[in-house]
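Below is one structure, written out as structure tokens; the observations come after it.
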Amino acid sequence: MTKIPEETIEDVRSKTDIVDLIGEYVQLTKRGRNWFGLCPFHGESTPSFSVSEDKNLFHCFGCGASGNAITFVMDIENTSFTEAVSKLADRAGIEVDVQSVHAASSSKNEHHSMKEALALAANFYSHILLNTVEGEKALQYLQERGFSREHIEQYGIGWSLEDRETLTNLLIRKKFDMKEMEQAGLCIMKNDGTGYFDRFRGRIMFPLHDDNGNVVGFSGRILSNSKDEAKYLNSPETPIFEKSKLLYNFHRARLNVRKTGKVILFEGFMDTIAAERAGVMNSVAVMGTSLSEMHLLKLKRIANQLMICCDGDNAGWEAAKRFANLAAQKGLSVQIALLPGKMDPDEYISTHGGEAFREKILGNPHTYMSFILAYAKRGKNLTHENDVLQYIHEVLDELAAKVSPIERDLLVRQMATETGVSEQALNEQLMKKVGKMAKEEKQEQSTGGMQEMPMPKVKKVSGADRAERILLAHLLNDGVIFDRLRAEGSELFIRDEYNAVFVRLAGFYEQYSTPDFNRFAESLEDREMRKIVMEAAMMERDPDHADQEVTDCIQHLEKQRVIRKIDEMLHQSKEAEKMNDHTRALELARDIIQLRKSLSAL
Numbered sequence: 001m002t003k004i005p006e007e008t009i010e011d012v013r014s015k016t017d018i019v020d021l022i023g024e025y026v027q028l029t030k031r032g033r034n035w036f037g038l039c040p041f042h043g044e045s046t047p048s049f050s051v052s053e054d055k056n057l058f059h060c061f062g063c064g065a066s067g068n069a070i071t072f073v074m075d076i077e078n079t080s081f082t083e084a085v086s087k088l089a090d091r092a093g094i095e096v097d098v099q100s101v102h103a104a105s106s107s108k109n110e111h112h113s114m115k116e117a118l119a120l121a122a123n124f125y126s127h128i129l130l131n132t133v134e135g136e137k138a139l140q141y142l143q144e145r146g147f148s149r150e151h152i153e154q155y156g157i158g159w160s161l162e163d164r165e166t167l168t169n170l171l172i173r174k175k176f177d178m179k180e181m182e183q184a185g186l187c188i189m190k191n192d193g194t195g196y197f198d199r200f201r202g203r204i205m206f207p208l209h210d211d212n213g214n215v216v217g218f219s220g221r222i223l224s225n226s227k228d229e230a231k232y233l234n235s236p237e238t239p240i241f242e243k244s245k246l247l248y249n250f251h252r253a254r255l256n257v258r259k260t261g262k263v264i265l266f267e268g269f270m271d272t273i274a275a276e277r278a279g280v281m282n283s284v285a286v287m288g289t290s291l292s293e294m295h296l297l298k299l300k301r302i303a304n305q306l307m308i309c310c311d312g313d314n315a316g317w318e319a320a321k322r323f324a325n326l327a328a329q330k331g332l333s334v335q336i337a338l339l340p341g342k343m344d345p346d347e348y349i350s351t352h353g354g355e356a357f358r359e360k361i362l363g364n365p366h367t368y369m370s371f372i373l374a375y376a377k378r379g380k381n382l383t384h385e386n387d388v389l390q391y392i393h394e395v396l397d398e399l400a401a402k403v404s405p406i407e408r409d410l411l412v413r414q415m416a417t418e419t420g421v422s423e424q425a426l427n428e429q430l431m432k433k434v435g436k437m438a439k440e441e442k443q444e445q446s447t448g449g450m451q452e453m454p455m456p457k458v459k460k461v462s463g464a465d466r467a468e469r470i471l472l473a474h475l476l477n478d479g480v481i482f483d484r485l486r487a488e489g490s491e492l493f494i495r496d497e498y499n500a501v502f503v504r505l506a507g508f509y510e511q512y513s514t515p516d517f518n519r520f521a522e523s524l525e526d527r528e529m530r531k532i533v534m535e536a537a538m539m540e541r542d543p544d545h546a547d548q549e550v551t552d553c554i555q556h557l558e559k560q561r562v563i564r565k566i567d568e569m570l571h572q573s574k575e576a577e578k579m580n581d582h583t584r585a586l587e588l589a590r591d592i593i594q595l596r597k598s599l600s601a602l
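Residue numbers 1 to 602, in our numbering, belong to the letters of the sequence shown in order.
Okay, structure coming up:
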């Protein structure tokens, strides 16, 4: 199963602070004895994900995800048990034989071959840039742009040769499936179908990483500003690269975002690189796409505040407004950092330096509403009546929907000064809009458009489900009960997945003499099976009256089994009657009577 000694695994488990670990992925708030946050395993707007410091376990009341520190890493990073233990051991300063870990690790992870090929390509491009004559021109260009060799290595920047089949030939020599390499976005099939050629040629290569730091794609930049070629060429959407989910630099920025509670969002990945070189370590960027709901859910899990910093041109202003609106709708506290003229962040830092960027731009952001005022004023002459009316209309719509009474008062005064319209007139118009909006919301609610309640959605658990969980909880914690029930040979569980867990548990007890639900869950490759085990392990049970509780559960499940059999036979009986098969219907009726008698005896 694994070559890591059991005592090392236990040492890793005991020395890992689960709150601290999960806090690197989810923003947690203490409530009572436990910590709560937004579940990283499903989309939600109300926190239902609980972490118990005492039990060293986590549980989501929404989707049912449960586990310990090791299974959390296995699930969140889609990795094997041995790799998860190795990562946590390194984090806790515990020595593990890495070679034996890799030997024991499964190579069957989903899309493992794609990730391996992309990592190989990244290293290959980096080698060409830093160590070959062919990469000298690109290296010189980067150095002129302010990149040191340390920066280049830090971001894994490389160079793809002009040759059409350099990477393709390397992948073939390494025996990768070329059809899969095409799906990974590394090569393209020739028109005549006789082979493949490299997707990226003659470009500076910037690797794109997923949340766990795996290379999943590239963005390639040409050296010259050619009108015939796109300045940047990104990897296509692949099974492991989705633009609506990926945020550039998320894997590197996550810890700093968690510490500060603030994340800075840029439009382009070059802005993030420039910001990091200027000492801003908590920034991410979208990859040439709109800000998505998945992006915002990801950011909301680790930060309270979002600062948006887009380009200073018209497109940048429009992007900032879209981003700010979406983020405000998701409940994030939003600020907007504005750049002068038509500059982008990278250009501003190159011109004015990192300190000026940190202090004058990021250190002096606008609130959402002060940005809206500035946005609404663009292109308007407030000495013209029509422009004044349009400006007032746009701002009051925003004020009515999103702002506190104090902020309304401050902004109304500012508008009165700017437009010459009295505060009284502006407030009267504002109150009309507020009233109209409240009336529309009331009508929407009365017609069934109820707003989401700020309570976590808890999955309903039936009596049979609860009985199965409590029964499994006893089996996980008491080997004597397990041996007795296994020897009796009777059917215990209704659901097939629970029966599958029972079979695996039998194998576990043959290998390990003592119960250990943590170790058992960690031994399961299937995430759904791990979830079943950990949900059961967290159930409240009565060890002092275990035999009686187990008997009650088995009896309840037996009743449910009979009830389901009766329901199935009733359905068959109706079908038989429809087919005029009265003999079959009569037989079923007799069987149903017998089953009902047996049910009353249970």
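Ideal Cβ placement from N, Cα and C applies to all residues, glycine included.
With respect to the C-alpha of residue 480, the residue from 439, 547, 195 having the closest C-alpha is 547. Taking the Cβ atoms as the reference, residue 336 lies roughly 5 Å from residue 320, within the contact range of under 8 Å. Only residues of its own chain outside the window of five on either side were considered, and among them 197, 198, 201 have a CB closer than 8 Å to the CB of residue 164, listed in chain order. Comparing alpha-carbon positions, the option among 535, 18, 254 lying closest to residue 298 turns out to be 254. The C-alpha of residue 575 is placed about 51 Å away from the C-alpha of residue 36. Counting along the chain, residue 512 sits inside no beta strand (DSSP E), nor does DSSP assign it H or E at all. Within the same chain, and ignoring the five residues on either side of residue 522 in sequence, the residues whose Cβ sits closer than 7 Å to its Cβ are 70, 71, 81. Bridge pairing for residue 35: 30, 51 [DSSP]. Beta-bridge pairing by DSSP links residue 335 to 307, 367. For residue 421, no beta strand (DSSP E) run applies, since DSSP gives it neither H nor E.
In the displayed model, residue 265 falls within a strand according to three-state DSSP. If the five residues before and after residue 188 are omitted, its C-beta is found closer than 7 Å to the C-beta atoms of 182, 196, 197, 199, all from its own chain and listed in chain order.
Contact annotation: the region 407-417 touches the region 356-374, with at least three C-beta pairs closer than 8 Å. Fewer than three pairs of CB atoms, one per stretch, sit closer than 8 Å, so the region 242-259 makes no contact with the region 125-136. Proximity of the region 298-316 to the region 331-346 meets the contact definition, three or more beta-carbon pairs being nearer than 8 Å. Between the region 472-486 and the region 25-34 there are fewer than three inter-stretch CB-CB distances shorter than 8 Å, so the stretches are not counted as touching. Under the DSSP assignment, residue 479 falls outside any beta strand (DSSP E), being part of the alpha helix (DSSP H) whose first and last residues are 479-488. In the displayed model, residue 188 falls within a strand according to three-state DSSP.
In this chain, the alpha helix (DSSP H) harbouring residue 345 covers 345-352. Taking all protein chains shown into account, residue 16 has 16 or more neighbouring C-beta atoms within 10 Å of its C-beta and is therefore buried.
Shown here for residue 269: same chain residues with a beta carbon closer than 6 Å to its own, the five before and five after excluded, namely 248, 285 in chain order.
Of all C-beta pairs linking the region 111-129 to the region 150-161, three or more are shorter than 8 Å, placing the two stretches in contact. In the structure shown, the three-state DSSP call for residue 553 is helix.
For residue 248, there is no enclosing beta strand (DSSP E), as DSSP marks it with neither H nor E. Residue range 6-15 is occupied by the alpha helix (DSSP H) that includes residue 11. About 6 Å separates the Cβ atoms of residue 67 and residue 58, confirming a contact at the 8 Å cut-off. Secondary-structure assignment with DSSP links residue 60 through a beta bridge to 49. For residue 284, the beta-bridge partners assigned by DSSP are 265. Under DSSP, residue 384 takes part in no beta bridge, so it has no partner.
Residue 433 and residue 397 have their C-alpha atoms some 7 Å from each other. Residue range 215-221 is occupied by the beta strand (DSSP E) that includes residue 221.
The count of Cβ pairs closer than 8 Å, one atom from the region 463-477 and one from the region 534-543, reaches three, so the stretches are in contact. Using a C-beta cut-off of 8 Å, the region 239-247 makes contact with the region 211-228, since at least three inter-stretch Cβ pairs fall below that distance. Setting aside the 5 residues that flank it on each side, residue 467 is surrounded in the same chain by 553, 556, 557, each with a C-beta closer than 6 Å to its C-beta; the list follows chain order.
Under the three-state reduction of DSSP output, residue 518 falls in the helix class.
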